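Participant:
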Amino acid sequence: MSKTNSGNFFEDFEIGAELVHAVPRTVTEGDQSLYIALTGDRYALHSSAEFARSLGYERETINDLLTFHIVFGKTVNDVSLNAVANLGYAAVRFLRPVYPGDTLRTVSKVLGKKENSRGKTGIVWVRSTGTNQRGEEVLDYIRWVMVNKRDPGTPTGIDAAPEIKRELSPSDLIVPAELDLSKRAPWPSGGRYLFDDYQIGERIDHIDGMTIEESDHMLATRLYQNTAKVHFDQFQADKTRFKRRLIYGGHIISLARSLSYNGLENALGVLGWNGGTHANPTFAGDTIYALTEVLDKQPLPGRDDLGALRLRLVGVKDWDRNEGELSIKIEKDGREVYDPRVVLDLDYWIAMPTR
Amino acid sequence: MSKTNSGNFFEDFEIGAELVHAVPRTVTEGDQSLYIALTGDRYALHSSAEFARSLGYERETINDLLTFHIVFGKTVNDVSLNAVANLGYAAVRFLRPVYPGDTLRTVSKVLGKKENSRGKTGIVWVRSTGTNQRGEEVLDYIRWVMVNKRDPGTPTGIDAAPEIKRELSPSDLIVPAELDLSKRAPWPSGGRYLFDDYQIGERIDHIDGMTIEESDHMLATRLYQNTAKVHFDQFQADKTRFKRRLIYGGHIISLARSLSYNGLENALGVLGWNGGTHANPTFAGDTIYALTEVLDKQPLPGRDDLGALRLRLVGVKDWDRNEGELSIKIEKDGREVYDPRVVLDLDYWIAMPTR
Amino acid sequence: MSKTNSGNFFEDFEIGAELVHAVPRTVTEGDQSLYIALTGDRYALHSSAEFARSLGYERETINDLLTFHIVFGKTVNDVSLNAVANLGYAAVRFLRPVYPGDTLRTVSKVLGKKENSRGKTGIVWVRSTGTNQRGEEVLDYIRWVMVNKRDPGTPTGIDAAPEIKRELSPSDLIVPAELDLSKRAPWPSGGRYLFDDYQIGERIDHIDGMTIEESDHMLATRLYQNTAKVHFDQFQADKTRFKRRLIYGGHIISLARSLSYNGLENALGVLGWNGGTHANPTFAGDTIYALTEVLDKQPLPGRDDLGALRLRLVGVKDWDRNEGELSIKIEKDGREVYDPRVVLDLDYWIAMPTR
Numbered sequence: 005m006s007k008t009n010s011g012n013f014f015e016d017f018e019i020g021a022e023l024v025h026a027v028p029r030t031v032t033e034g035d036q037s038l039y040i041a042l043t044g045d046r047y048a049l050h051s052s053a054e055f056a057r058s059l060g061y062e063r064e065t066i067n068d069l070l071t072f073h074i075v076f077g078k079t080v081n082d083v084s085l086n087a088v089a090n091l092g093y094a095a096v097r098f099l100r101p102v103y104p105g106d107t108l109r110t111v112s113k114v115l116g117k118k119e120n121s122r123g124k125t126g127i128v129w130v131r132s133t134g135t136n137q138r139g140e141e142v143l144d145y146i147r148w149v150m151v152n153k154r155d156p157g158t159p160t161g162i163d164a165a166p167e168i169k170r171e172l173s174p175s176d177l178i179v180p181a182e183l184d185l186s187k188r189a190p191w192p193s194g195g196r197y198l199f200d201d202y203q204i205g206e207r208i209d210h211i212d213g214m215t216i217e218e219s220d221h222m223l224a225t226r227l228y229q230n231t232a233k234v235h236f237d238q239f240q241a242d243k244t245r246f247k248r249r250l251i252y253g254g255h256i257i258s259l260a261r262s263l264s265y266n267g268l269e270n271a272l273g274v275l276g277w278n279g280g281t282h283a284n285p286t287f288a289g290d291t292i293y294a295l296t297e298v299l300d301k302q303p304l305p306g307r308d309d310l311g312a313l314r315l316r317l318v319g320v321k322d323w324d325r326n327e328g329e330l331s332i333k334i335e336k337d338g339r340e341v342y343d344p345r346v347v348l349d350l351d352y353w354i355a356m357p358t359r
Numbered sequence: 005m006s007k008t009n010s011g012n013f014f015e016d017f018e019i020g021a022e023l024v025h026a027v028p029r030t031v032t033e034g035d036q037s038l039y040i041a042l043t044g045d046r047y048a049l050h051s052s053a054e055f056a057r058s059l060g061y062e063r064e065t066i067n068d069l070l071t072f073h074i075v076f077g078k079t080v081n082d083v084s085l086n087a088v089a090n091l092g093y094a095a096v097r098f099l100r101p102v103y104p105g106d107t108l109r110t111v112s113k114v115l116g117k118k119e120n121s122r123g124k125t126g127i128v129w130v131r132s133t134g135t136n137q138r139g140e141e142v143l144d145y146i147r148w149v150m151v152n153k154r155d156p157g158t159p160t161g162i163d164a165a166p167e168i169k170r171e172l173s174p175s176d177l178i179v180p181a182e183l184d185l186s187k188r189a190p191w192p193s194g195g196r197y198l199f200d201d202y203q204i205g206e207r208i209d210h211i212d213g214m215t216i217e218e219s220d221h222m223l224a225t226r227l228y229q230n231t232a233k234v235h236f237d238q239f240q241a242d243k244t245r246f247k248r249r250l251i252y253g254g255h256i257i258s259l260a261r262s263l264s265y266n267g268l269e270n271a272l273g274v275l276g277w278n279g280g281t282h283a284n285p286t287f288a289g290d291t292i293y294a295l296t297e298v299l300d301k302q303p304l305p306g307r308d309d310l311g312a313l314r315l316r317l318v319g320v321k322d323w324d325r326n327e328g329e330l331s332i333k334i335e336k337d338g339r340e341v342y343d344p345r346v347v348l349d350l351d352y353w354i355a356m357p358t359r
Numbered sequence: 005m006s007k008t009n010s011g012n013f014f015e016d017f018e019i020g021a022e023l024v025h026a027v028p029r030t031v032t033e034g035d036q037s038l039y040i041a042l043t044g045d046r047y048a049l050h051s052s053a054e055f056a057r058s059l060g061y062e063r064e065t066i067n068d069l070l071t072f073h074i075v076f077g078k079t080v081n082d083v084s085l086n087a088v089a090n091l092g093y094a095a096v097r098f099l100r101p102v103y104p105g106d107t108l109r110t111v112s113k114v115l116g117k118k119e120n121s122r123g124k125t126g127i128v129w130v131r132s133t134g135t136n137q138r139g140e141e142v143l144d145y146i147r148w149v150m151v152n153k154r155d156p157g158t159p160t161g162i163d164a165a166p167e168i169k170r171e172l173s174p175s176d177l178i179v180p181a182e183l184d185l186s187k188r189a190p191w192p193s194g195g196r197y198l199f200d201d202y203q204i205g206e207r208i209d210h211i212d213g214m215t216i217e218e219s220d221h222m223l224a225t226r227l228y229q230n231t232a233k234v235h236f237d238q239f240q241a242d243k244t245r246f247k248r249r250l251i252y253g254g255h256i257i258s259l260a261r262s263l264s265y266n267g268l269e270n271a272l273g274v275l276g277w278n279g280g281t282h283a284n285p286t287f288a289g290d291t292i293y294a295l296t297e298v299l300d301k302q303p304l305p306g307r308d309d310l311g312a313l314r315l316r317l318v319g320v321k322d323w324d325r326n327e328g329e330l331s332i333k334i335e336k337d338g339r340e341v342y343d344p345r346v347v348l349d350l351d352y353w354i355a356m357p358t359r
């Protein structure tokens, strides 16, 4: 019998089961430096121990998305090694700051599953929770993937999709208790705009672009110990439709978020995501740009120094601004689809100082 | 007179001499993060401080191969700058855990040398020993290289090859005294198989593949401060037979070992190597796969919680599994040679829990 | 109104104004490891905590050029986002060691400005000062750049170029007070040559070469949080004269300095630069070599254990040594210009032990 893990198939997931994912990970200063080198991140909270301390934190915090990628990476081996498609995320919540030296692990619970009508695949929903070395939850999220069936010829008849909260409300969002803006200096972030300056409906073009090389995305994805084969194996990729290694969607989220610093400099961390779509695949050689649309603004319970901005972060590739404003969705054969240059559509909440 | 080091030639090596290699190196969390990003390593002992502590270690240990590459890298400048070929390794022993913050240095002793029959080159044998900041030995190994003669026209007549132990026995292998499996949890490794599950003669195909980019292998080799020109200089490489930069053989060992996690998840560090061969060169663009053959199983003196597995780790490039099982060696012109896709053949011992 | 920073134009700079640059940065062991991986640096002072302590430092110091790049990177957003050309550096002085854990910030003062005769651009001079978390200065330097005017049609008539000291003298150079060579062992550096061995007029060919990949220079430049678009955006670059991403000039300085280890092994840090020129652009695929010319030798006030060497560090690309010695400057159309293979001409001072 084979000693290697060939991943779980649709039939292997049991509703209610807990998957305890392997390879806990101590996140270090080395990971943070690599994250900056790989994405160009400039948010001061993750860059400067002094700035972070001035806000009440112990020291610089691990970038929320680096935490996400590490927590997520552990689930691949058990959840999505046989995934045909990553269908979505929901209710992604960042619950507590992560510091260099913390050790992260992930446990997933199977929330539901549903066989597809043609019987070859099915959809599986899981809630994954990342915890630190003290057992404190740092991140949880729901994700659903389409996975292959082990035995496509035998119908299971399973039709147990869970109810999913598709939108977080401000009361779902957790602001770290230690965050104290009374001593916040404005210069470290370099940004002039605060909560009141952002208007619902406003669109920000973040201007800067980043071209991705094969080494860049593979270094990032290996750093997260994410083992999905499609990102790494060109010899196999040669035989696929795209003939290319696919870039981990999370790398695009990180690039778009890092690019969005230019225009959102005062943002203090990601509070949660309502959902996200990898609208089109990306490949080495693509140049990524980022756009933000302000979807909503809400007060945060118990805080007058901070508000929550709900933003739509759109990643676009190889887009020529001279052609005018980009329509994120276009009509094609009577259906509304993403413009082929749109690669990411993320709906998320950030904390933004009011003063 | 030139102030640059152009390396030692055959005549420069004196039997019994000690070469004290330059550039001690403090190994840090940054190196460990980079090692994960460069190789995709997932062994929990090097990834999680908490898991390592549960086994009696101070914290996560530096990956054995990262230690090897750093200790080895220092010797290049004195031993192999004029090497024509790296002929082999023997009696490679890992003697003590290395932690982030430890400072490594290397000293080599010339064990013997032998002029080749045509008089242009000779073989030099050295034993290299890596020590930490307390002078404790962390690694030693024997290596032999073919080096150019300074004066090919003048025979030296030297024929003093040393006796070399070609196989380590279990009593040569050092298990760290602090390693205590009484509190080992199974979930961090993610593996189901223990010492008794592996059978002599068994072959494991580790499935996953990794395509190498120029940046990847150069970043790794620079991290190890290994200065062998052939890995870095494309302008010179253009004039060589291969017309390509050669990838440092150690990078292939690291990739193959990281790939072998899938099927050997419970392995607790490398105890030693009997020997290793870089069977064919690798270049950027090659995709590496790994196979393991179980060569031997032995108890470890004084331990019933651990056994030693002697494994053959084979690195293969651009191999299509659909063509069936790979013959590592093939017959060519009446001789047995490596299949041209085989790039590594490493014979090594690991520690594997028995329960 | 756009919320993104599109940078300052000539008219925006006010003589005497202070620009407090955003994004303070805690420099870590992770940055140091990446710097080694990106440049191949081998100077023992930055590699070994033990060696650094033997010289009186707290631990290994951050490579001077890594400090430079981080301090410089912060200025780009305010000083040179609209730069047409980086014209020069002067009076670059390294004032104090930087250790892992220190947090750096940068403030620039506008020293002067001068509109160019055609009225479309102007030159701006700034002095930038990097300080640590205790407010101690670690680096200062003067830089001048040609920037676009916001309104090319309206002459400003400004002609206020500052006086600039073009050469540092030994009395301007700061040797860290803690540096104590009484316990310096010779083996860690691996070099045989000390202050007295270097002769004015001597040229050293550092032999080794390094080919640059796109990932390498982008990783480095992102690590420094330097946001100049020309290094990262191939989609835009396709429309430019070069059709390539331009490599950050500082990466070439780092590569040339790391290559120069072979022949200057005992150098103990950079004391200052008189000036530097990026003589020709570099692109991915170029192979960099380094040459050093000894320009001057001076005692350092109050130290007989160290002297100052003034060196010219020349970076050359794709140079075939078989064609004989390189003329750094050549005559072209009656003018003296750089050989097109010369990419860097840096005039700097290092500290070299006398014994």
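Protein chains in written order, with the working numbering: chain F, 5 to 359; chain W, 5 to 359; chain B, 5 to 359. Each residue gets a CB set at the ideal place from its N, CA and C atoms; glycine is no exception. Fair warning: this is a prediction, and the values are worked out from it, not measured in the lab.
#1: State whether the region 223 to 234 of chain F contacts the region 52 to 66 of chain B, with contact taken as three or more CB pairs (one from each stretch) at a distance under 8 Å.
#2: Against chain W, with Cβ distances strictly below 8 Å, would F/Asp45 count as a contact?
#3: In angstroms with no decimal places, state the Cα-to-Cα distance between B/Asp144 and B/Leu99.
#4: Would W/Ser331 be called buried (16 or more neighbouring beta carbons within 10 Å of its own) or exposed?
#5: Would you mind working out which of B/Asp308, B/Val346 and B/Asp16 sits nearest B/Asp184, comparing C-alpha positions?
#6: Helix, strand or coil for W/Asp349, going by three-state DSSP, please let me know.
#7: Taking 8 Å as the CB-CB limit, is B/Leu295 close to chain W?
#8: Beta-carbon within less than 7 Å of B/Glu269's beta-carbon, same chain only, minus the 5 sequence neighbours each way: which residues are those?
#9: According to DSSP, which residues form a beta bridge with F/Ser112?
#10: Closer than 7 Å, Cβ to Cβ, to anything on chain W: give me those residues from the region 154 to 177 of chain B, in chain order.
#11: With a cut-off of 8 Å, does the C-beta of W/Ser219 fall near any C-beta of chain B?
#12: Count the other CB atoms, across all protein chains shown, that sit within 10 Å of the CB of W/Gln203; report buried if there are 16 or more and exposed otherwise.
#13: Along chain B, in chain order, which residues have C-beta atoms closer than 8 Å to that of W/Gly34?
#14: Is the closest heavy atom of the ligand GDP to the C-beta of B/Leu330 under 7 Å?
#15: By Cβ distance, which residues of its chain are closer than 8 Å to B/Leu304, with the 5 residues on each side in sequence left out?
#16: Would the region 313 to 327 of chain W count as touching the region 229 to 249 of chain W if we require 3 or more Cβ pairs under 8 Å?
#17: What are the residues of the region 200 to 229 of chain F that lie near chain B, defined by any Cβ-Cβ distance shorter than 9 Å?
#18: Taking C-beta pairs closer than 7 Å, name the residues in chain W that B/Ala53 reaches, listed in chain order.
#19: Mapping the DSSP letters down to three states, classify F/Phe98 as helix, strand or coil.
#20: Could you give the uninterrupted runs of the alpha helix (DSSP H) lying entirely in the region 232 to 257 of chain B, keeping only those of 4 residues or more?
#21: Could you work out which residues of chain W lie near F/Asp237, taking near to mean beta carbons separated by less than 9 Å?
#22: For F/Thr32, which three-state DSSP category applies?
#23: Check whether the Cβ atoms of W/Asp349 and W/Asn278 sit closer than 8 Å, and answer yes or no.
#24: Is F/Gly116 closer than 8 Å to F/Ala165 when the C-beta atoms are compared?
#25: Using 8 Å as the Cβ pair cut-off and three pairs as the minimum, do the region 334 to 349 of chain W and the region 119 to 133 of chain B touch?
#26: Thinking B/Arg291 and B/Thr215 are a contact (beta carbons under 8 Å), I'd like their distance in whole angstroms, please.
#27: In this structure, does DSSP put W/Asn81 in helix, strand or coil?
#28: Ordered along the chain, which non-local residues of its own chain (more than five positions away) have a Cβ less than 7 Å from that of B/Leu42?
#29: Have a look at the DSSP bridge pairing and note the partners of W/Ala312.
#30: Run the CB neighbour count on W/Pro156, radius 10 Å, all protein chains shown included, and call it buried at 16 or more, exposed below.
#31: Which whole-angstrom value describes the C-beta separation of W/Val83 and W/Val149, a residue pair presumed to lie in contact below a C-beta threshold of 8 Å?
Facilitator: According to the structure shown:
#1: Not touching, per the Cβ criterion.
#2: To locate residue 45 of chain F, count along the first sequence from 1; it is residue 41. At a cut-off of 8 Å between beta-carbon atoms, F/Asp45 makes no contact with chain W.
#3: Reading the third sequence from its first residue, position 140 is the one you call residue 144 of chain B. Reading the third sequence from its first residue, position 95 is the one you call residue 99 of chain B. Looking at the two C-alpha atoms, the distance is approximately 8 Å.
#4: Position 327 of the second sequence, counted from the start, is the residue given in the question as residue 331 of chain W. Classification of W/Ser331: exposed, given that the 10 Å Cβ count is below 16.
#5: As a working note, residue 184 of chain B is residue 180 in the third sequence. Restricting attention to B/Asp308, B/Val346 and B/Asp16, the CA atom closest to the CA of B/Asp184 is found in B/Asp308.
#6: Position 345 of the second sequence, counting from 1, holds the residue named residue 349 of chain W. Reduced to three states, the DSSP call for W/Asp349 is strand.
#7: Residue numbering aside, residue 295 of chain B sits at position 291 when the third sequence is read from its first letter. For B/Leu295, no CB of chain W lies under 8 Å from its own CB, so it is not counted at the interface with that chain.
#8: Position 265 of the third sequence, counted from the first residue, corresponds to residue 269 of chain B. Only Ser193, Gly194 and Gly195 meet the Cβ criterion.
#9: Within the first sequence, residue 112 of chain F is the residue found at index 108, counting from 1. Per DSSP, F/Leu23 and F/Ser132.
#10: Of all residues in the region 154 to 177 of chain B, none comes within less than 7 Å of chain W when Cβ atoms are compared.
#11: Residue 219 of chain W sits at position 215 when you count from the first residue of the second sequence. Yes, contact with chain B.
#12: Against the second sequence, residue 203 of chain W aligns to sequence position 199. Counting C-beta atoms within 10 angstroms of its own C-beta, W/Gln203 has fewer than 16 neighbours from the protein chains shown and is therefore classed as exposed.
#13: For the purposes of this step, residue 34 of chain W is taken as residue 30 along the second sequence, with counting starting at 1. The CB of W/Gly34 comes closer than 8 Å to the CB of Thr32, Glu33, Gly34, Asp35, Gln36, Ser37 and Leu38 in chain B, given here in chain order.
#14: The ligand GDP is absent from the structure shown, which contains no ligands of any kind.
#15: As a first step, residue 304 of chain B must be located in the third sequence, where it is residue number 300. Contacts found: Pro174, Leu177, Val179, Leu310, Gly311, Ala312 and Ala355.
#16: Fewer than three beta-carbon pairs drawn from the region 313 to 327 of chain W and the region 229 to 249 of chain W are found closer than 8 Å, and the two stretches are therefore not classed as touching.
#17: Flagged, chain order: Asp201, Tyr202, Glu206, Ile208, Asp209, His210, Ile211, Asp212, Gly213, Met214, Thr215, Glu217, Glu218, Ser219, Asp220 and Leu223.
#18: Your numbering for residue 53 of chain B matches position 49 in the third sequence. Those are Thr30 and Thr107, listed as they occur along chain W.
#19: If you number the first sequence from 1, residue 98 of chain F lands on position 94. Note: F/Phe98 maps to strand in three-state DSSP.
#20: Runs found: 238 to 241.
#21: Counting from 1 along the first sequence, the entry for residue 237 of chain F is found at position 233. Within chain W, the residues near F/Asp237 are Asp212, Gly213, Met214, Thr215, Thr291 and Tyr293.
#22: Along the first sequence, one-based indexing puts residue 32 of chain F at 28. Coil.
#23: For the purposes of this step, residue 349 of chain W is identified with residue 345 of the second sequence, where counting begins at 1. For the purposes of this step, residue 278 of chain W is identified with residue 274 of the second sequence, where counting begins at 1. No, they are not a contact pair.
#24: The count along the first sequence starts at 1 and reaches residue 165 of chain F at position 161. The count along the first sequence starts at 1 and reaches residue 116 of chain F at position 112. Closer than 8 Å, so yes.
#25: In short, these stretches do not touch, since the Cβ pair count stays below three.
#26: Mapped onto the third sequence, residue 291 of chain B falls at position 287. Mapped onto the third sequence, residue 215 of chain B falls at position 211. Reading the sequence as shown, one finds Thr at residue 291 of chain B and not Arg. Rounded, the Cβ-Cβ distance is 4 Å, consistent with contact.
#27: The count along the second sequence starts at 1 and reaches residue 81 of chain W at position 77. If DSSP states are grouped into helix, strand and coil, W/Asn81 belongs with the helices.
#28: As a first step, residue 42 of chain B is located in the third sequence; it is residue number 38 there, counting from the start. Close CB contacts of B/Leu42 within its chain, under the 7 Å cut and outside five residues either way in sequence, are with Asp220, Leu223 and Ala224 (chain order).
#29: Position 308 of the second sequence, counted from the first residue, corresponds to residue 312 of chain W. Answer by DSSP bridge pairing, in chain order: W/Gln302 and W/Ala355.
#30: Taking the first residue of the second sequence as position 1, residue 156 of chain W is located at position 152. In summary, W/Pro156 is exposed, with fewer than 16 beta-carbon neighbours lying within 10 Å of its beta-carbon over all protein chains present.
#31: In the second sequence, residue 83 of chain W corresponds to position 79, counting from 1. In the second sequence, residue 149 of chain W corresponds to position 145, counting from 1. Right, the Cβ-Cβ distance comes to about 6 Å (below 8 Å), so this counts as a contact.
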